[in-house]
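Here's the structure we're looking at; comments come further down.
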Amino acid sequence: MTDATGAAAPKPTILRRQRNDFPGWYQDVVAKAELAENGPVRGTMVIRPYGYALWERLQQELDLRIKATGAQNAYFPLLIPESYLHREAQHVAGFSPELAVVTHGGGKKLEEPVVVRPTSETIINGCFARWIHGHRDLPLLINQWANVVRWELRPRLFLRTTEFLWQEGHTAHASEQEAHVYALRILTEVYQDTVEKELAIPVVTGRKTDKERFAGAVTTWTCESMMRDGKALQMGTSHELGQNFAKAFDITFTDSTGQQRHVWQTSWGASTRLIGALVMAHGDDAGLRIPPRIAPVQAVVILVRGEGDSADRAEAITSDLVRAGVRAILDRRIGIPFGRRSIEWELKGIPVRLEVGPRELAAGQVSLVERHCSRKTSIPLASAIGSVSSALATAQELLFDEARERMTGRIVVASDVETALEATQAGFAKMPASQLTDGGEEWLNARGASVRCLLPDETGAVQSIVARAY
RNA sequence: CGGGGCGUGGUGCAGGGGUAGCACGCCACUUUUGGGAAGUGGAGGUCGCAGGUUCGAAUCCUGCCGCCCCGACCA
1143 MTDATGAAAP KPTILRRQRN DFPGWYQDVV AKAELAENGP VRGTMVIRPY
1193 GYALWERLQQ ELDLRIKATG AQNAYFPLLI PESYLHREAQ HVAGFSPELA
1243 VVTHGGGKKL EEPVVVRPTS ETIINGCFAR WIHGHRDLPL LINQWANVVR
1293 WELRPRLFLR TTEFLWQEGH TAHASEQEAH VYALRILTEV YQDTVEKELA
1343 IPVVTGRKTD KERFAGAVTT WTCESMMRDG KALQMGTSHE LGQNFAKAFD
1393 ITFTDSTGQQ RHVWQTSWGA STRLIGALVM AHGDDAGLRI PPRIAPVQAV
1443 VILVRGEGDS ADRAEAITSD LVRAGVRAIL DRRIGIPFGR RSIEWELKGI
1493 PVRLEVGPRE LAAGQVSLVE RHCSRKTSIP LASAIGSVSS ALATAQELLF
1543 DEARERMTGR IVVASDVETA LEATQAGFAK MPASQLTDGG EEWLNARGAS
1593 VRCLLPDETG AVQSIVARAY
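If you're matching positions, the first sequence starts at 1143 in the numbering used here and goes up one per residue.
If you want it as structure tokens, here you go:
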């Protein structure tokens, strides 16, 4: 194709450019990398196989850590009596606007409407009240993997959908202190550790302001990360519920002195929103860049052409990789142009590509392409497995370092709300929490920024992290 | 709930009273194949729904439905 001057017209980019149109870029990546698409009901999401594979990897990593804290998985019903929601005043006030309510069933109007769970505090605590009798029943540590529905007016795939997948943990403890320690343990050992080690995304951890706190909680702890456009995304929250639900649902136990006491509780969750974070924290103009540890496919061996025994050789390399513990697949679709296949794997963010063609094989080599930096190197066939393994390890580290440098480089120290607001154009502001009194937080909210979390600095003074957020 | 816009092959769009079109995608064959392949031949649409006007409606009129965007609202 040529333009009026006769010069070749530039090929249109596959994705809108991140720098020009970040939301547009995000939509393009989610579609072209085949992660998800919109469902027929507004706000619902079809998670496609590659997107779901990412979720499954994330589930494995979270589940492992959740179980390491002593929690057990269980499952509670999707449908909850509407009256349950009303038992805790702040909780129902917080969730009422987002509820999906079922009024009919079996062809008849229901006597009591049931709600589709927006979260399961109420139904689980109904069970806890029956399960917990004495201090020997505590702590009770339960997790469930489930879908929840919160009616959203402005949905965005993964980031904010009406139905989403998550895990929600619910625990009961004998003392406030024990609940406090457990909530923080979940925050750091489950959420922060998974997000930083597996997703290679650095986080800021802290406490939510009263305004941002979970409906019904005493304290909400959060992990916040910075996306490539400088906006914040909440990665996971852990709540200290105090005795609010214990009193509402009458969850009591007999302590070692024979006294009846209410339990102290926590709840905590992380959702498919983390997939959105993965996209926005690492993706570039060529598509996703998936950190190797979370990648469903860590290496793809591309058979460039079909000549001679190259197909067998490529297959042998692939099975060697798999045997060495690398999640590797073989792309032997020689009928599809090489360039198209390269672009496809780039879009999907596969960390390492191994190109196997006549040129390489004649030289006893393969070409190794690293997605995180687009570098192509020739390596001897004999050391291919080792090279892939070290490339994967390097990619994991470099993606984290890059994200960490971006975040720390874009946290501006501010002493008042005006400079903090200015800083949120490009990143986060760190501002003394004292500036939030007298309507400071509302002033920021009215201008599109919010207080992401509160945390103590080296001197013990409380600082706030202010940002624009998803 | 206010303001604006759009409903036409799988996707994205054009057409605006007289045979339903284009691009991409899809299927087949051939030639290709190292960074988005090309040629040839095919398949695929009761033009959102219901009325109305007309010899004739995708097109004009009325009503309805759905979706999108911007506000407001919100983990």
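Even for Gly, the Cβ is constructed at its ideal location relative to N, Cα and C.
* Asked: Name the DSSP beta bridge partners of His-1275, please?
  -> Residue pairing from DSSP leaves His-1275 without any beta-bridge partner.
* Asked: Can Phe-1164 and Ala-1271 be called in contact, C-beta distance under 9 Å?
  -> Contact flag unset, no.
* **Residue of Leu-1383, Val-1443, Ser-1367 and Ile-1476 minimising C-alpha distance to Ala-1423** => Of Leu-1383, Val-1443, Ser-1367 and Ile-1476, the smallest CA-CA separation from Ala-1423 is found for Ser-1367.
* Tell me the start and end of each unbroken beta strand (DSSP E) in the stretch 1472-1523 that is at least 3 residues and wholly inside, in chain order. => For secondary structure counted as the beta strand (DSSP E) over 3 or more consecutive residues, the stretch 1472-1523 holds these complete runs in sequence order: 1494-1498, 1507-1512 and 1517-1522.
* Status (buried if at least 16 other CB within 10 Å, exposed otherwise) for Val-1171 -> Val-1171 is buried by the Cβ-count criterion.
* DSSP bridge partner residues for His-1424 (one or two, in chain order) -> According to DSSP, His-1424 bridges with nothing at all.
* **Outcome for Tyr-1217 when other beta-carbon atoms lying within 10 angstroms are tallied against a minimum of 16** => Tyr-1217 is exposed by the Cβ-count criterion.
* What is the DSSP secondary structure of Arg-1298, counted as helix, strand or coil? -> Annotated three-state conformation of Arg-1298 is strand, per DSSP.
* beta strand (DSSP E) runs contained entirely in the stretch 1177-1211, provided each spans 3 or more residues -> List check, beta strand (DSSP E) in window: 1178-1180 and 1187-1189.
* Asked: By Cβ distance below 6 Å, which residues in the same chain neighbour Ala-1428 in space, the five residues on each side in sequence not counted?
  -> Answer for Ala-1428: Glu-1488, listed in chain order.
* Quick one: using the 10 Å Cβ neighbour count with 16 as the cut-off for buried, is Ala-1609 buried or exposed? => For Ala-1609, the number of other beta carbons within 10 angstroms of its own is at least 16, and it is reported as buried.
* Asked: Thinking C-beta only, is Thr-1379 closer than 9 Å to Thr-1396?
  -> Going by beta carbons, Thr-1396 and Thr-1379 fall outside the 9 Å limit.
* **Reference Gln-1376, options Leu-1430, Ser-1592, Thr-1155 and Ala-1603, closest by Cα** => Relative to Gln-1376, the option among Leu-1430, Ser-1592, Thr-1155 and Ala-1603 whose CA is nearest is Ser-1592.
* **Straight-line Cα distance separating Glu-1486 from Arg-1158** => Each residue's alpha carbon lies about 16 Å from the other.
* To do: Give the range of the alpha helix (DSSP H) segment to which Phe-1542 is assigned.
  => For Phe-1542, the uninterrupted alpha helix (DSSP H) run begins and ends at 1526-1551, by DSSP.
* **Where Val-1345 falls: helix, strand or coil (DSSP)** => Three-state result, Val-1345: coil.
* **8 Å CB neighbourhood of Lys-1251 in its chain, flanking five on each side removed** => So the list reads Thr-1245, once near-sequence residues are dropped.
* First through last residue of the beta strand (DSSP E) which encompasses Ser-1606 -> It spans 1604-1609 - the beta strand (DSSP E) in which Ser-1606 sits, taken as one unbroken run.
* With respect to the beta strand (DSSP E) encompassing Leu-1283, which residues constitute its N-terminal and C-terminal limits? -> It spans 1282-1291 - the beta strand (DSSP E) in which Leu-1283 sits, taken as one unbroken run.
* Asked: Going by the CB atoms, is the gap between Arg-1184 and Leu-1221 shorter than 9 Å?
  -> Cβ distance not < 9 Å, so Leu-1221 and Arg-1184 don't count as in contact.
* To do: In the DSSP assignment, find the unbroken alpha helix (DSSP H) run with Gln-1319 in it and report its ends.
  => Its alpha helix (DSSP H) spans residues 1318-1327.
* Asked: In terms of alpha-carbon separation, which member of Gly-1581, Met-1549, Asp-1543 and Arg-1548 lies closest to Glu-1560?
  -> Checking every option, the nearest Cα to that of Glu-1560 belongs to Gly-1581.
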